[in-house]
Every structure is written in structure tokens, then in C-alpha cells.
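Data first, discussion second: the structure below is written as C-alpha cells.
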Amino acid sequence: MGNNKVHLDIPQEKIVEFCKRNYIRKLSLFGSVLREDFHLDSDVDVLVEFEPGHAPGFIRLAGMELELSEILGGYKVDMNTPHCLSRYFRDEVLATAEVQYVKR
Numbered sequence: 016m017g018n019n020k021v022h023l024d025i026p027q028e029k030i031v032e033f034c035k036r037n038y039i040r041k042l043s044l045f046g047s048v049l050r051e052d053f054h055l056d057s058d059v060d061v062l063v064e065f066e067p068g069h070a071p072g073f074i075r076l077a078g079m080e081l082e083l084s085e086i087l088g089g090y091k092v093d094m095n096t097p098h099c100l101s102r103y104f105r106d107e108v109l110a111t112a113e114v115q116y117v118k119r
């Protein structure tokens, strides 16, 4: 594990384009990416809510993670939906997640 603190640059225009193309109605970040312990070897935890009827299968979701990883500078992306989060920490994640995109 590295100990180099970094700041993640989030290209908003590309995030908006990514969300629209993938029927994402809300995209938020949570976990270490929002804290001081985010490092070069950290992954980026992403919480997404899809438009009704547009939730992807596992293969498409994996492709979306790779695409978002490229947008975010190569960091590994771990994408979750609120329903997929463990009930043991779901409420904390929902309370602390930082919204990056909401469909208008």
C-alpha cells in the first residue's frame, strides 16, 4: 500500500455524458475518495441509481466500471447501487455520499 495522498480530479462534463449514456439518474462518491486516506492505490467507490427499466447486467456493469475508471484517471472503480450495499453500512454510505450527478 502506498501512502501518497492524492486529490481526484472529476471531469464533470464527462461524468454527465457517462451518466446520460448509461441511463444513470444519480451518481455519488463514497468511501476513502472523500477522506484524507485516499491514496494512489485506492479504489473509487461509486454509488449509482439507474433509471427505471435500465439496470445493467453484471457484464455491462463491469464495462461501465472500466469506462468510469478511464474517466477518473485510471483509478479502479467499484460501482454499487443502494440495494447492493450491505445493510450493515448502507445508511452510513447514503448519509455521507457526495452527489456528482443528478438527472434533471
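Read in the working numbering, the sequence shown has 28 at position 13, and its numbers run on one by one without any break. Quick reminder that beta carbons are idealized off the backbone N, C-alpha and C, glycines included.
query	result
For His69, which residues of its own chain have a beta-carbon under 6 Å away from its beta-carbon, when the five flanking residues on both sides are left out?	Tyr38
Leaving out the 5 sequence neighbours to the left and right, which residues in its chain are closer than 8 Å to Glu113 when beta-carbon positions are compared?	Ser43, Leu44, Phe45 and Leu49
In three-state DSSP terms, what is Ile39?	strand
With C-beta atoms as the reference, is Ile86 less than 9 Å away from Phe33?	yes
Identify whether His22 lies in helix, strand or coil by the three-state DSSP scheme.	coil
Sorted by chain position, which residues of the same chain lie with C-beta nearer than 6 Å to Ala77's C-beta, five sequence neighbours on each side aside?	none
Shortest alpha-carbon distance to His22 belongs to which of Val59, Arg105, Val31 and Leu100?	Val59
So the candidates are Ser84, Asp93, Ile30 and Lys41; which of them puts its Cα closest to the Cα of Glu66?	Lys41
Assuming Pro97 and Leu109 are in contact, meaning their beta carbons sit under 8 Å apart, how far apart are those beta carbons, in whole angstroms?	6 Å
Considering Cα atoms alone, identify which of Asp52, Glu64, Asn95 and Leu83 is closest to Glu28.	Leu83
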